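Residue numbers (my numbering): 163 to 604. Here is the structure we will look at.
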Ligand code: GLY
Ligand code: MN
Ligand code: MN
């Protein structure tokens, strides 16, 4: 692939706008507290590659661990505070540069920044006089305990007239509604991630050969991702034959057998933004009759689901459309028995299609945002982005004629809701059975 050109980074002003929107939602008697993601041990004394918490990244763009963002609506000396690591020439020699509090202010548009080591001294004073605390309870137990300690410090001053917060609210309730609607700058990052993921899928198709192994195909994905400054958005699923029926298969070390399908669910992450694509292709480059019948059925289900991706439709209509087509097709192929009405009522399709048809996508691959409002499926609005990913999984021991067993198929694309329809972001990968075969033969 000729290197695709990366978009400009999200501008500093956009992070300020996001914080301002959140501050406005929270109102003046509140305080919002959000720690950076902790570093995580992989084994003994080595770490997983650091990834910033998505909420923290959304509000700051600040890439370091050991930091805490505090938003204080209406505070006259500045509403956005950051606690972060101080500069440390010796540590920076080992681990790379740190912004330090001065850099946090100059490079990230923070109003006031303090050393993280001073947080115990400063935070109780910020809590004092605020009645509501927005925070993600239960996400980081160590931090939960620190917060309780700071609140208790304020409570202990009650006889001296200190007012301690008395309402504790879920930060995600406000913040995740903002994150659900993607801005133009976010869409640029997401389009790039989708473009790279599409190229990687195409390369993976051509890296597939009978007698090979799943990890050889995975290697082709990584080569394209890393050549474009991307990392995997999740552990890729590269499952041949019956492995394609294991929904969370990640071993990716099986054999590629002539006559089997290969299910490849693999997305790139660019500057924190995920992409998520699945294609399913024949190891030998040609779908068998049964594989093709099921593949065409999943493709028809995806087309019906995508047709629901327009503003004003309930989110749940996407799944319902896929289920209706799959059920009808399974009946006509003889994999289900009875009438369409009865099969839909009894959810008989769940034997072969046991997951939902998609999810929001953004900074998290399974992105934040409510799917229902007041118990009802929420209506689609411009700026929402989600996946549409129907599948069929006929387990090796399914009680169906042998010719169907061990076939696992999923077809997954991302769609953005526009002002008057839906735009597929991941359409660059061949999808029709003929187009897949032609690409593999090329
Ligand atoms: N790969 C995760 C998903 O498709 O939801
Ligand atoms: Mn998905
Ligand atoms: Mn996926």
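We put the CB at the ideal spot given by N, CA and C, even for glycine. Note that the structure is a prediction, hence the values are computed from the model and not measured.
Reference residue i, options the options, closest by Cα
{"i": "residue 263", "options": "409, 228, 317", "result": "228"}
{"i": "residue 443", "options": "184, 237, 511, 593", "result": "593"}
{"i": "residue 486", "options": "474, 473, 472, 504", "result": "504"}
{"i": "residue 278", "options": "261, 535, 216", "result": "261"}
{"i": "residue 605", "options": "208, 189, 424, 230", "result": "Only positions 163 to 604 of the chain appear in the structure, and residue 605 is not among them; the question remains open."}
{"i": "residue 340", "options": "407, 450, 248, 183", "result": "183"}
{"i": "residue 310", "options": "321, 322, 328", "result": "328"}
{"i": "residue 265", "options": "226, 191, 256", "result": "226"}
{"i": "residue 282", "options": "296, 316, 295", "result": "316"}
{"i": "residue 239", "options": "197, 272, 446", "result": "272"}
{"i": "residue 572", "options": "230, 453, 604, 602", "result": "453"}
{"i": "residue 172", "options": "268, 432, 565, 291", "result": "432"}
{"i": "residue 524", "options": "390, 351, 483, 446", "result": "351"}
{"i": "residue 291", "options": "297, 326, 299", "result": "326"}
{"i": "residue 332", "options": "194, 304, 348", "result": "194"}
{"i": "residue 274", "options": "167, 232, 219", "result": "232"}
{"i": "residue 517", "options": "430, 484, 204", "result": "484"}
{"i": "residue 455", "options": "257, 206, 468, 566", "result": "566"}
{"i": "residue 303", "options": "200, 174, 510, 581", "result": "200"}
{"i": "residue 167", "options": "501, 390, 218, 247", "result": "390"}
Residues sharing a beta bridge with residue i, DSSP
{"i": "residue 435", "result": "432"}
{"i": "residue 329", "result": "294"}
{"i": "residue 232", "result": "195, 243"}
{"i": "residue 276", "result": "245"}
{"i": "residue 550", "result": "575"}
{"i": "residue 443", "result": "424"}
{"i": "residue 586", "result": "577"}
{"i": "residue 555", "result": "570"}
{"i": "residue 417", "result": "375"}
{"i": "residue 466", "result": "In DSSP, residue 466 forms no bridge with anything."}
{"i": "residue 401", "result": "425"}
Closer than 7 Å to chain C by CB, residue i
{"i": "residue 348", "result": "No chain C is present in this structure, which holds just one protein chain."}
Check whether residue i and residue j have beta carbons under 7 Å apart
{"i": "residue 365", "j": "residue 382", "result": "yes"}
{"i": "residue 441", "j": "residue 591", "result": "yes"}
{"i": "residue 169", "j": "residue 354", "result": "yes"}
{"i": "residue 470", "j": "residue 460", "result": "no"}
{"i": "residue 398", "j": "residue 436", "result": "no"}
{"i": "residue 568", "j": "residue 558", "result": "yes"}
{"i": "residue 222", "j": "residue 270", "result": "yes"}
{"i": "residue 438", "j": "residue 527", "result": "yes"}
{"i": "residue 550", "j": "residue 575", "result": "yes"}
{"i": "residue 463", "j": "residue 346", "result": "no"}
{"i": "residue 587", "j": "residue 356", "result": "yes"}
{"i": "residue 570", "j": "residue 421", "result": "no"}
{"i": "residue 396", "j": "residue 595", "result": "no"}
{"i": "residue 242", "j": "residue 294", "result": "no"}
{"i": "residue 495", "j": "residue 515", "result": "no"}
{"i": "residue 541", "j": "residue 476", "result": "yes"}
{"i": "residue 539", "j": "residue 478", "result": "yes"}
{"i": "residue 413", "j": "residue 387", "result": "no"}
{"i": "residue 198", "j": "residue 215", "result": "yes"}
{"i": "residue 370", "j": "residue 379", "result": "yes"}
{"i": "residue 297", "j": "residue 192", "result": "no"}
{"i": "residue 418", "j": "residue 400", "result": "no"}
{"i": "residue 230", "j": "residue 245", "result": "yes"}
{"i": "residue 376", "j": "residue 473", "result": "no"}
{"i": "residue 492", "j": "residue 498", "result": "yes"}
{"i": "residue 530", "j": "residue 335", "result": "no"}
{"i": "residue 218", "j": "residue 196", "result": "yes"}
Cβ-heavy atom distance, residue i to ligand 2, below 6 Å
{"i": "residue 549", "result": "yes"}
Near ligand 3: residue i beta-carbon under 6 Å from a heavy atom
{"i": "residue 380", "result": "no"}
{"i": "residue 438", "result": "yes"}
Residue i Cβ short of 6 Å to ligand 1 heavy atom set
{"i": "residue 396", "result": "yes"}
{"i": "residue 529", "result": "no"}
{"i": "residue 575", "result": "no"}
{"i": "residue 427", "result": "yes"}
heavy atom of ligand 4 below 6 Å from residue i C-beta
{"i": "residue 250", "result": "Ligand 4 is not part of the structure shown, which contains ligand 1, ligand 2 and ligand 3 as its ligands."}
May I have a chain-ordered list of the beta strand (DSSP E) segments no shorter than 3 residues that lie completely inside the region 322 to 394? The region 322 to 394 contains these whole beta strand (DSSP E) runs: 329 to 332.
What ranges does the alpha helix (DSSP H) occupy inside the region 469 to 546, keeping only unbroken runs of at least 4 residues that lie completely in it? The alpha helix (DSSP H) runs of length 4 or more contained entirely in the region 469 to 546 are, from start to end of the chain, 478 to 494, 502 to 507.
Give the list of continuous alpha helix (DSSP H) stretches no shorter than 4 residues that lie fully inside the region 203 to 233. Segments of the alpha helix (DSSP H) lying fully in the region 203 to 233: 216 to 222.
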